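These notes are about the structure you will find just below.
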Amino acid sequence: MTANRENGGQTLIETLGLERLEVNLFRGTTPDAEQRQRIYGGQVIAQSLLAAYETVEDRVCHSLHCYFIRPGDPSIPIVFEVDRSRDGGSFTTRRVIAVQHGQQIFNLAASFQTDEQGYEHQSDMPDAPAPDEVEGDAEARKRIAEMIPPEDEDWIDRHQPIEMKTVGGRFDEVAPKPGERVQQVWFRATDPIGGDPRLHQVVMAYASDMSLLGTSIRPHGVSWRTPGFQAASLDHAMWFHRPTDFNQWHLYQQESPSAAGGRGFNLGYIYRASDGALVASCAQEGLMRLRKPKS
Amino acid sequence: MSDAAETEGQDETLTETLQLERIEENLFRGTTPDSRPGRIFGGQVIAQSLLAAYETIETRVCHSLHCYFIRPGDPTVPIVFEVDRSRDGGSFTTRRVIAIQHGKQIFNLAASFKDPEKGFEHQTSMPAGPHWSELPDQMEMIREAMKNAPEEAKRWLSRPQPIEMRSQDARTYWKSGPKEPVAQNWFRCATPIGDDPHMHQVILAYASDMNLLSTGMRPHGIHWQTPNFQSASLDHAMWFHRPTDFNQWHLYVHDSPSASDGRGLIRGAIYAEDGVLVASVAQEGLMRMRT
């Protein structure tokens, strides 16, 4: 198990860890540099949130909003610069930019607050088969291994820091058929996160960029393996409603209200399996375009 | 002075009152049309920040914006908007804006712009509900609300109304008692916006901050005039799916998936009268009872 882990046996939390260069300046690296051409978006969200947290005392993140501006380069470190926008009576606001090669690749704004009690309501967790009744995405990938191009073989059994199980079976990206504009995924962190509730948010933010954009792609019978098809996260917003233990199973309920103009819009709701509590909401717009073959 | 300010607010169109003065290439200054002491309406700062970003962009169209309300705005002094040209890319342009008063950030916005293109299409259907023509007109609604409204609300309701709004439960809004966390409002800009499609987005952004938070309060039998109740927009996100003419009626559908920890999240979808989904909105707001 440990042999499979990224970066010589480090847990996800360890690989996301930042080095402090100055009071408001941090540096992070990409764990599996040799395996990817781009940095996975969730990594930059998680590290930016960690950078913001390094400048915040005792308050908990309740929301974040980010933009993916340029593709991240996995072969060099990322520098995170924090702007201390406000330290207020009950709220703290931060902005972060992630920089590589002298250019902004990403920005995040986030807000933090002290715990308080108050009005409570939430939408109900939708029906879904229990996680142990759903095939894991890792198994589903192995099942289609012979259809995957040899250069992608490491994709089959790469260590996955997030365990995922797509309800109704993983979307068939080799022969995609049009599906509903809704999707349900069970997910949880594979490596132990520990006792710090802030790190559970960071890892959940990391995971929340997975599969969400796929919801707006499903109705259109294409996948990221379709020749000429281009997809990328453009932004990401997340609201943390209630604290949770992300080593436990959560249902990621996703729907896509709109696709137009080369962009798909997606909403996601994260429910805790054990009691149905709504722990977070997400919104993401992604690029989804089919480039016409040049004639 | 106060007379002049009121006349100004009524004579100018919303498009005119939102206009900015360019101080430097990336620096702009705007004012609050109603400069009476109090707070600045959040939608005004969203709209002016989007305008500031647009002033630094050639031809591309905004497809999304994300903002935070950081400090209460002061209507008695101008707001300075500082634009960061984050990227001018092959297909996308990214901007960040901070709004400053008294040397402090009161608000930040990030937004993305692109050229229009054709592609995959889907959208949710407009939900059923009464048509705007079946709902009481706004002046009637205000007259009714004024009868039972507290003094502060009367002052608020008597301001110029650049956005015309028709609400399904206009007649029962002030009545207490828990309701479902869903709402429908018809709205449009009452003054001519003109031909610039960017300006229709700017004013839609302005209007999208109206009434949103009250949907999160509905299950709890409270509204923004409940004694000791404190509410404020914390953030605002908006995605412009399709172009539209905001001088025409639109249906604004709200629902609130969650409230906890002194905060409520509200989601909005804006449909043109023919059912086209033109924009989506998300906002978290403070909702707490002072103890």
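Heads up: the protein sequence lines correspond to chains A and B, in order. Just so you know, the numbering used here puts 655 at position 270 of the first sequence, and the rest follows in order with no gaps. Just so you know, the numbering used here puts 286 at position 269 of the second sequence, and the rest follows in order with no gaps. Note that CB positions come from ideal geometry on N, CA and C, so glycine has one too. Quick caveat, the model's predicted, so the values are computed rather than measured.
Counted within 10 angstroms of its Cβ, other Cβ atoms place residue i as buried (16 or more) or exposed
i         : result
B:Glu-301 : buried
A:Gln-488 : exposed
B:Ile-40  : exposed
B:Ala-69  : buried
A:Arg-479 : buried
A:Asn-389 : Any answer about A:Asn-389 is weak, because its pLDDT of 39 lies below 50 and its placement is not dependable; what the coordinates show is given next. It is exposed - the Cβ of A:Asn-389 has fewer than 16 other Cβ atoms within 10 Å.
A:Asn-492 : buried
A:His-486 : exposed
B:Pro-89  : exposed
A:Glu-391 : With a pLDDT of 44 at A:Glu-391, under the threshold of 50, the modelled position of that residue is not reliable, and the figure given next carries that caveat. Burial call: buried.
B:Met-182 : buried
B:Leu-294 : buried
B:His-148 : exposed
B:Arg-56  : exposed
B:Ala-116 : buried
B:Ala-200 : buried
A:Leu-584 : buried
A:Lys-550 : buried
A:Gly-427 : buried
A:Ala-515 : exposed
B:Thr-24  : Summary for B:Thr-24: the model assigns pLDDT 39, below 50, so the residue's position carries little reliability; its value from the coordinates is reported in the next sentence. Looking at its Cβ environment, which holds fewer than 16 other Cβ atoms inside 10 Å, B:Thr-24 is exposed.
Other residues of its chain near residue i: CB distance less than 7 Å, five sequence neighbours each side excluded
i         : result
B:Pro-198 : Thr-232, Gly-233, Arg-235, Pro-236, Asp-272, Ser-273
B:Met-216 : Thr-32, Ile-210
A:Ala-616 : Leu-598, Ile-602, Trp-609, Gly-671, Leu-672, Met-673
A:Arg-421 : Pro-459
B:Lys-121 : Arg-88
Contacts around residue i, its chain only, beta-carbon distance under 8 Å, and the 5 residues preceding and following it disregarded
i         : result
A:Met-532 : Val-559
A:Leu-410 : Val-464, Phe-465, Glu-466, Val-467
B:Ser-142 : Gly-292
First and last residue of the uninterrupted alpha helix (DSSP H) at residue i
i         : result
B:Gly-233 : 229-234
A:Gln-428 : 426-438
B:His-217 : 214-224
A:Gln-525 : In the sequence as displayed, the identity of residue 525 of chain A is Ala instead of Gln. Element bounds for A:Ala-525: 522-528.
A:Ile-398 : 397-401
A:Gly-606 : Run containing A:Gly-606: none; DSSP gives neither H nor E here.
B:Thr-34  : 31-34
For residue j and residue i, believed in contact at Cβ under 8 Å, the rounded distance
i         : j         : result
A:Gly-653 : A:Gln-633 : About 18 Å separates the two Cβ atoms, so there is no contact after all.
A:Val-637 : B:Ser-129 : First, the amino acid is wrong: residue 637 of chain A is Tyr here, not Val. Contact flag wrong, Cβ pair sits at about 24 Å.
B:Gln-61  : B:Tyr-269 : At roughly 18 Å, the Cβ-Cβ gap does not stay under 8 Å, so B:Gln-61 and B:Tyr-269 are not in contact.
A:Ser-496 : A:His-447 : 6 Å
B:Phe-109 : B:Lys-135 : That belief does not hold up - the Cβ atoms of B:Phe-109 and B:Lys-135 are roughly 17 Å apart, past 8 Å.
A:Leu-403 : A:Leu-434 : Between A:Leu-434 and A:Leu-403 the Cβ distance is about 11 Å, and since that is not below 8 Å, they are no contact.
Local conformation of residue i per DSSP, three classes
i         : result
B:Glu-72  : coil
A:Ala-662 : coil
B:Thr-111 : strand
A:Ile-533 : coil
B:Trp-256 : strand
A:Ile-578 : coil
B:Asp-101 : strand
B:Glu-41  : strand
A:Gln-615 : strand
B:Glu-181 : strand
B:Gly-47  : strand
B:Pro-89  : coil
B:Thr-308 : coil
A:Gln-507 : strand
A:Asn-392 : Residue placement at A:Asn-392 cannot be trusted, given a pLDDT of 45 that sits under 50; what the coordinates show is reported in the next sentence. Helix at A:Asn-392.
A:Met-623 : strand
B:Leu-251 : coil
B:Asn-202 : strand
Sequence-distant residues of its chain with Cβ nearer than 6 Å to residue i (five each side left out)
i         : result
B:Asn-245 : Met-306, Arg-307
B:His-139 : none
B:Arg-53  : none
B:His-83  : Ala-127, Ala-254
A:Cys-667 : Ser-593, Met-623, Gly-653
B:Val-298 : Ser-225, Met-255, Gly-285
B:Ser-309 : This structure cannot speak to residue 309 of chain B, because chain B is shown only from 18 to 308.
A:Thr-414 : Pro-462
The ligand COA heavy atom lying under 7 Å from the CB of residue i
i         : result
B:His-240 : No copy of the ligand COA appears in this structure; indeed no ligand is present at all.
Start-to-end residues for the beta strand (DSSP E) that takes in residue i
i         : result
B:Pro-274 : 267-277
A:Leu-406 : 404-407
A:Glu-640 : 635-645
A:Ala-549 : Per the sequence presented here, residue 549 of chain A reads as Met, with Ala not at that position. Counting along the chain, the beta strand (DSSP E) containing A:Met-549 begins and ends at 547-551.
A:Gly-653 : 648-657
A:Phe-631 : Careful: A:Phe-631 lies outside any beta strand (DSSP E) and carries neither H nor E.
B:Phe-130 : 121-131
A:Thr-477 : 476-485
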